[in-house]
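S.K.: Right, I'll just put the structure down here and ask away after.
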Amino acid sequence: MKKRKADRDSPGCLSFVWEICWERLVVIYHFIAVICQNIFLYIRGEMR
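All letters in the sequence shown, in the order written, are residues -4 to 43 by our numbering.
What follows is the structure, encoded as C-alpha coordinates:
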(Lines of atoms letter the chains of each structure in order from A and count residues from 1; the text may use other names and numbers.)
(Lines give C-alpha, C1' and ligand atoms only; values in the text may rest on other atoms or scores of the structure.)
Protein backbone atom coordinates (compact mmCIF):
# COMPACT_ATOMS: atom_id res chain seq x y z
CA MET A 1 0.00 0.00 0.00
CA LYS A 2 2.77 2.41 0.98
CA LYS A 3 4.90 1.57 -2.08
CA ARG A 4 1.89 2.02 -4.36
CA LYS A 5 1.28 5.50 -2.98
CA ALA A 6 4.95 6.46 -3.53
CA ASP A 7 4.80 5.23 -7.13
CA ARG A 8 1.68 7.29 -7.72
CA ASP A 9 3.13 10.41 -6.07
CA SER A 10 6.50 10.59 -7.89
CA PRO A 11 5.10 11.34 -11.39
CA GLY A 12 2.23 13.28 -9.82
CA CYS A 13 4.63 15.59 -7.99
CA LEU A 14 5.26 17.73 -11.07
CA SER A 15 1.55 18.02 -11.89
CA PHE A 16 0.91 18.98 -8.25
CA VAL A 17 3.51 21.77 -8.45
CA TRP A 18 2.12 22.84 -11.84
CA GLU A 19 -1.40 22.93 -10.35
CA ILE A 20 -0.24 25.30 -7.57
CA CYS A 21 1.62 27.50 -10.09
CA TRP A 22 -1.40 27.53 -12.41
CA GLU A 23 -3.73 28.60 -9.57
CA ARG A 24 -1.35 31.44 -8.70
CA LEU A 25 -1.09 32.48 -12.36
CA VAL A 26 -4.89 32.60 -12.60
CA VAL A 27 -5.08 34.74 -9.44
CA ILE A 28 -2.36 37.10 -10.75
CA TYR A 29 -4.09 37.28 -14.15
CA HIS A 30 -7.43 38.23 -12.56
CA PHE A 31 -5.67 40.81 -10.37
CA ILE A 32 -3.96 42.42 -13.40
CA ALA A 33 -7.20 42.30 -15.41
CA VAL A 34 -9.08 44.15 -12.65
CA ILE A 35 -6.34 46.80 -12.38
CA CYS A 36 -6.27 47.30 -16.17
CA GLN A 37 -10.07 47.58 -16.24
CA ASN A 38 -10.01 50.19 -13.47
CA ILE A 39 -7.31 52.20 -15.28
CA PHE A 40 -9.27 51.98 -18.54
CA LEU A 41 -12.50 53.15 -16.87
CA TYR A 42 -10.59 55.96 -15.11
CA ILE A 43 -9.07 57.15 -18.42
CA ARG A 44 -12.48 56.99 -20.13
CA GLY A 45 -13.97 59.00 -17.28
CA GLU A 46 -11.19 61.61 -17.54
CA MET A 47 -11.62 61.98 -21.31
CA ARG A 48 -15.31 62.90 -21.06
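Even glycine gets a Cβ: it sits at the ideal position worked out from N, Cα and C.
What you are looking at is a predicted structure, and each value in this text was computed from that prediction instead of being measured.
Work out the CA separation of R19 and W13 for me, nearest whole Å.
M.R.: Answer to the nearest angstrom: the Cα atoms are 10 Å apart.
S.K.: What separation, rounded to the nearest whole angstrom, lies between the Cα atoms of R39 and C16?
M.R.: Computed Cα separation, rounded: 34 Å.
S.K.: Tell me the rounded alpha-carbon separation between I36 and F11.
M.R.: Going by the sequence as given, residue 36 is Leu instead of Ile. Approximately 38 Å, taken between the alpha carbons.
S.K.: Measuring from the CB of I23, is there a heavy atom of the ligand MN at a distance below 8 Å?
M.R.: For the structure depicted, the ligand MN is absent and the ligand set is empty, with no information on it obtainable.
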